[in-house]
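Here the structure comes first, spelled out in structure tokens, and everything after it is commentary.
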């Protein structure tokens, strides 16, 4: 089951499963088998002492890749649990299968619209094929970290600043797909990529803030103009209603006096009879 991922990738490139297994296992040759038999003989002969060197234990989240005379003898890694090795001819490498996370250092990136930004992120990955992670790459963890940095630069270099700020989820999925495809031959499965922070230059921040403030002011002026237009229409309708009833103007005048008197300030009011304004209203 652990080899299925790499076998599928090898099949896509035209390599059969039998060729892949034979390439890994290989033949030990006459001298190799002679050394293996000799090592097994001495191990049995000195079993009270060599038993402690033959027994190996790996934990539930670990696998052991065995090299016998420099070759991988089995189709899959050993573990978890206890197993035997030949102390003179076998060498083991333990591989951790747990999910590992690491931070991508802040990268200075030039976007598609020629804006310099600093972007960092986080990557979650695990080892899906222990044998490939040991035999195909010198240091799978370090290689994945370097590849994540270059992939972040390549992906963000094709995006505009607006896309970078608004479509972080899409960028993360694109990075995950690229990383997963590139690390397939290394036995690495990239589970998740997240963009943590996007830092803009201070001058660009001030320019964007000024642009946003100007947009808000323009919107406020439009709303105020619309309010003035609606108020003028309401006043026009009110004036038409008052012109039809002269007593309405006097009632409005008395209401205004009442409002002024309620403010508790020293105000002197000289009432003006409404009859004096009747000739002006008729004109």
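Numbering (the UniProt record's numbering), first residue to last: 1 to 283. We put the beta carbon where it would ideally sit given N, CA and C, even for glycine. Predicted model only: the values in this text are computed from it and were never measured.
Report task. Identify the continuous beta strand (DSSP E) that holds residue 101 and give its terminal residues. Result -> The residue given as residue 101 occupies position 101 in the chain shown. Its beta strand (DSSP E) spans residues 100-110.
Query raised in the report: What span of residues does the beta strand (DSSP E) with residue 81 cover, start to end?
Result: Translated into positions along the chain shown, residue 81 becomes position 81. It spans 81-84 - the beta strand (DSSP E) in which residue 81 sits, taken as one unbroken run.
Query raised in the report: What are the start and end residues of the beta strand (DSSP E) that includes residue 55?
Result: In the chain shown, the residue the question calls residue 55 occupies position 55. Run containing residue 55: 55-58, per the beta strand (DSSP E) assignment.
Report task. Going by CA-CA distance only, name the one from 204, 42, 239 and 59 that's closest to residue 162. Result -> The count along the chain shown starts at 1 and reaches residue 162 at position 162. Out of 204, 42, 239 and 59, 204 has the C-alpha closest to the C-alpha of residue 162.
**Report entry** 9 Å Cβ cutoff, residue 160 in contact with chain D
**Finding:** Absent here is chain D; the protein component of the structure consists of one chain.
Query - residue 24 in three-state terms, based on DSSP - result: Locating residue 24 in the chain shown gives position 24, counting from the first residue. Only weak support exists for where residue 24 lies, its pLDDT of 47 falling under 50; the coordinates are left without a value.
**Report entry** Span of the beta strand (DSSP E), counted from its first residue to its last, around residue 193
**Finding:** Within the chain shown, the letter at position 193 stands for residue 193. From DSSP, the beta strand (DSSP E) with residue 193 extends over 188-199.
Requested in this report: Give every residue of the same chain whose Cβ lies closer than 7 Å to the Cβ of residue 194, excluding the five residues on either side of it in the sequence, and list them in chain order.
Outcome: Reading the chain shown from its first residue, position 194 is the one you call residue 194. Taken in chain order, the residues that qualify are 121, 122 and 172.
Query raised in the report: To the nearest angstrom, how far is it from the Cα of residue 182 to the Cα of residue 46?
Result: Locating residue 182 in the chain shown gives position 182, where the first residue counts as 1. Locating residue 46 in the chain shown gives position 46, where the first residue counts as 1. Near 48 Å, if we compare the C-alpha coordinates of residue 46 and residue 182.
Query - residue 142 vs residue 189 beta-carbon contact at 9 Å - result: On the chain shown, position 142 is the one that residue 142 refers to. On the chain shown, position 189 is the one that residue 189 refers to. No, these two residues do not count as a Cβ contact at 9 Å.
Query raised in the report: Short check: CB of residue 187 to CB of residue 140, under 9 Å?
Result: In the chain shown, counting from the first residue as 1, residue 187 sits at position 187. In the chain shown, counting from the first residue as 1, residue 140 sits at position 140. Yes, they are a contact pair.
Query - Identified DSSP bridge partners for residue 116 - result: By one-based count along the chain shown, residue 116 stands at place 116. The partner list for residue 116 (beta bridge, DSSP) reads 110.
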